[in-house]
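In our numbering, the protein residues as written are 438 to 1036.
What follows is the structure, given as C-alpha cells:
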C-alpha cells in the first residue's frame, strides 16, 4: 500500500498523520455537536420543558421562562446516567468518567494504545450524559475521541509506539481545538496537559497541524463565531491588577476544592457495592436534585457564562426564576453556584458518567469571577473606571485562572479561553491571575494521571538509555539514616525533614523489612497517634529494591514501573541494606553523563 511507505520519511509521515487526525476529528465533532444539541432539545427542552441558553444558536433569553415539568429533572438526569453507564461499562469500560485523564494514562502507561471502539462508545455515552442534563463537558470526550483517532491512525499506518504516542497527543489537541474553535489552545493543551510541570514538545507541531485542519473543517459547517462571545473589553488600569491577583488566589483555593471534591466522591462511589452501570444513575439523580433549585448547574453551562457576561444573574428556580437587585446577594449566590457546580460535576463524572471536567471548570471560574467582579465594583467604585467591562473581564479571567491552575495547563488554558471568547486584550491580567492560581493549587490537579516531568513518564524511559553506563553503587547514597520498626511516626517525620527525604527504609538485623514514605505517615496515621503507634504498623512490606551492580537505567525503570520515588539498595547475596537510590540521584547522574557527552 503506497500510503504505508511514508513511514520512511519522518516529517512527511507526521504531516500526513496530523492531517488525517484533523479531518477525522472535525467530522466526529460535527456529528457529536449535532447529535448532542438534538438530544438535549428533545430531553431537556421537549420532555422537561427547560431550555438552557445556547450561545452558539443565539438563544439567551427564552431560558428564563418557567420550566414546564421541573419535577422530571432528577429523573431525566438519572436515566441519562444509567444509559451512559450501561453503554460504557458493557462495551468499553475505559469510556466512563473523564476522557482526558484516560487519554493521559494511555500516553504514559499503555504505549499510546486506545481501543478503536472507545471513541465511538465515548461519543454515544457522552451524548446521553450531557443531553439529559448531567453536569459535564465536551472536552473530556473529544480529548479521548481525538486521542483514540490518533492512536488508530498510527496503528493503521504501522508507525510504532513513539509516533503512536505523538499521534495520541496530537489527537487530544485536535479534538479540543476543533470542538472549542480554539486551534492553538487545543494544540497547546495536547502537549501541556500530559504533565504537571513539563511539555511534550514533540507533539506540538503535529497537534497544531491537526487542530488547524479540524478547526477549519468544523468551522466551515458550523460557523467560525466564538463559542462564548463577549463584548469588546480592554485592560485599562494597572490598579486593577490587584483585583485580578485576588481573583487568582481565590480561583486557586477553589481549584483545590474542585480536585479534592472530585476524587473524594469518585473514591466514594468506588466503595459502593452497586453494579457499575447503576452508579452513574445515582450520580445523575443527585445532580438532578440539585438542579431542581439551581438548573444553572445542569449540562455544559456555556450559555449561563454568556448570561453572566451580559449582566443577567438568575439566582435560583422556585416555580419561576428568582432575581435580586442586591449586589451582595448576587455575589454570594454566584459563589454558591460555583460550589454546587463542583459538587454536581463530581457526582456526574465521579460516579462514572461519561463527560469532561473542562467546561464545568469554566462555569466555576466564570461564577467566581462574576462574584468578585460585582463585589469589587460596589466596594471600590472609585478605582474601577468601567464597571461593566471590568465584570466581563473578571468572568473571562476567572475561567482562565480557575481551570488553568487546577489542570496544570496555564499556558494552554489562557490561549484557549482567549480564542473561545476573543479576549486577547486581557492577556496581561490573565497571566497574573492564572500563574497565582497555578502556584496555589500546588500538587493538586484535576487530572490524576498527569506525571510531574517527562523523566517521570514511562514514555520517556528510553531517553535515559545513557544510564546503562552507570551502576547503582556509583550513585546511591550510603550515609542514609534508617528506621527501626519500633520508631514512632513523629520521629520518622523529623528524620525525613532533617535529611530532606520523602521516604526511608525500615531495617531490622541489617535487613530491610519495609519502606515508609512521608505520604504513608501523613495519610495513614491520625495526628493523635503519631507517638502512640510504630512505623512497623504502617510501613510498606512489599518491597521493590535495587542491587549495587545493576545499571541505574534498570533501577530507574523499576521506579517508574512501581511509581516509587526511591529504592533501598541491598546486597544480592546477604540481603543486607547498603544504601538508597532516589529519583534525584538518577537525575543527577543523567545530567553529569549528558554534560560529558556534550563536551
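Cβ coordinates follow ideal geometry from the N, Cα and C atoms, glycine included.
8 Å contact criterion, which residue i and residue j should meet: CB distance rounded
i: residue 684; j: residue 838; result: 6 Å
i: residue 647; j: residue 636; result: Between residue 636 and residue 647 the Cβ distance is about 17 Å, and since that is not below 8 Å, they are no contact.
i: residue 834; j: residue 870; result: 5 Å
i: residue 779; j: residue 726; result: Residue 779 to residue 726, Cβ: 16 Å. No contact.
i: residue 734; j: residue 781; result: 4 Å
i: residue 761; j: residue 752; result: 6 Å
i: residue 561; j: residue 586; result: Residue 561 to residue 586, Cβ: 15 Å. No contact.
i: residue 511; j: residue 722; result: 5 Å
Within 8 Å, strictly: CB atoms of residue i and residue j
i: residue 702; j: residue 784; result: yes
i: residue 962; j: residue 950; result: no
i: residue 793; j: residue 521; result: no
i: residue 615; j: residue 581; result: no
i: residue 578; j: residue 559; result: yes
i: residue 1031; j: residue 903; result: yes
i: residue 666; j: residue 829; result: no
i: residue 850; j: residue 840; result: yes
i: residue 1025; j: residue 632; result: no
i: residue 591; j: residue 882; result: no
i: residue 989; j: residue 908; result: yes
i: residue 380; j: residue 462; result: This structure gives no information on residue 380, because the portion of the chain shown stretches from 438 to 1036.
i: residue 404; j: residue 607; result: This structure leaves residue 404 out entirely; the chain is present only between 438 and 1036.
i: residue 923; j: residue 971; result: yes
i: residue 866; j: residue 678; result: yes
i: residue 663; j: residue 716; result: no
i: residue 516; j: residue 466; result: no
i: residue 927; j: residue 968; result: yes
i: residue 689; j: residue 874; result: yes
i: residue 754; j: residue 732; result: yes
i: residue 557; j: residue 513; result: no
i: residue 544; j: residue 605; result: yes
i: residue 687; j: residue 771; result: no
i: residue 490; j: residue 757; result: no
i: residue 878; j: residue 912; result: no
Residue(s) in a DSSP beta bridge with residue i
i: residue 954; result: 940
i: residue 988; result: 908
i: residue 995; result: In DSSP, residue 995 forms no bridge with anything.
i: residue 1005; result: 1017
i: residue 983; result: 1006
i: residue 632; result: 888
i: residue 920; result: 943
i: residue 949; result: 944
i: residue 479; result: Answer is none; residue 479 lacks a bridge partner.
i: residue 1027; result: BP columns for residue 1027 are empty, so no partner.
Selected residue, minimal CA-CA separation from residue i, among the options
i: residue 713; options: 564, 1008, 788 and 1009; result: 788
i: residue 919; options: 856, 937, 941 and 935; result: 941
i: residue 876; options: 692, 922 and 645; result: 692
i: residue 528; options: 507, 542 and 553; result: 553
i: residue 898; options: 818, 1027, 809 and 910; result: 1027
i: residue 674; options: 452, 819, 526 and 937; result: 819
i: residue 451; options: 972, 640 and 687; result: 640
i: residue 798; options: 776, 448 and 487; result: 776
i: residue 943; options: 1013, 507 and 744; result: 1013
i: residue 925; options: 964, 987, 896 and 770; result: 964
i: residue 1008; options: 948, 993, 901 and 484; result: 948
8 Å Cβ shell around residue i - same chain, five flanking residues per side excluded
i: residue 700; result: 787 and 885
i: residue 796; result: 573, 574, 575, 576, 737, 738 and 739
i: residue 441; result: Any reading at residue 441 must be qualified, since the residue scores a pLDDT of 47, below 50, and its modelled position is unreliable; no value is offered.
i: residue 601; result: 548, 549, 550, 587, 588, 591 and 592
i: residue 445; result: With a pLDDT of 45 at residue 445, under the threshold of 50, the modelled position of that residue is not reliable, and no figure is offered here.
Neighbourhood of residue i by C-beta, 6 Å cutoff - its chain only, sequence neighbours within 5 removed
i: residue 826; result: 670
i: residue 609; result: 540, 580, 583, 584 and 627
i: residue 680; result: 813
i: residue 1049; result: No answer is possible for residue 1049: it lies beyond the span of the chain, which begins at 438 and ends at 1036.
i: residue 494; result: Low local confidence applies: a pLDDT of 49 at residue 494 is under 50, so the model's placement there is unreliable, and no value is given.
i: residue 455; result: 607, 643, 646 and 647
i: residue 654; result: 463
i: residue 910; result: 985
Cβ shell of residue i (< 7 Å), same chain only, five flanking positions each side left out
i: residue 981; result: 995, 999, 1001 and 1004
i: residue 861; result: 855
i: residue 936; result: 918
i: residue 625; result: 848, 849 and 852
i: residue 407; result: Outside the displayed span of the chain (438 to 1036) sits residue 407, for which this structure offers no information.
i: residue 1019; result: 1002 and 1003
i: residue 803; result: 742, 745, 832, 835 and 836
i: residue 863; result: 670, 672, 830, 833 and 834
i: residue 800; result: 738, 741, 742 and 778
Chain C contact for residue i (CB, 8 Å cutoff)
i: residue 607; result: The question asks about chain C, but that chain is absent: this structure has only one protein chain.
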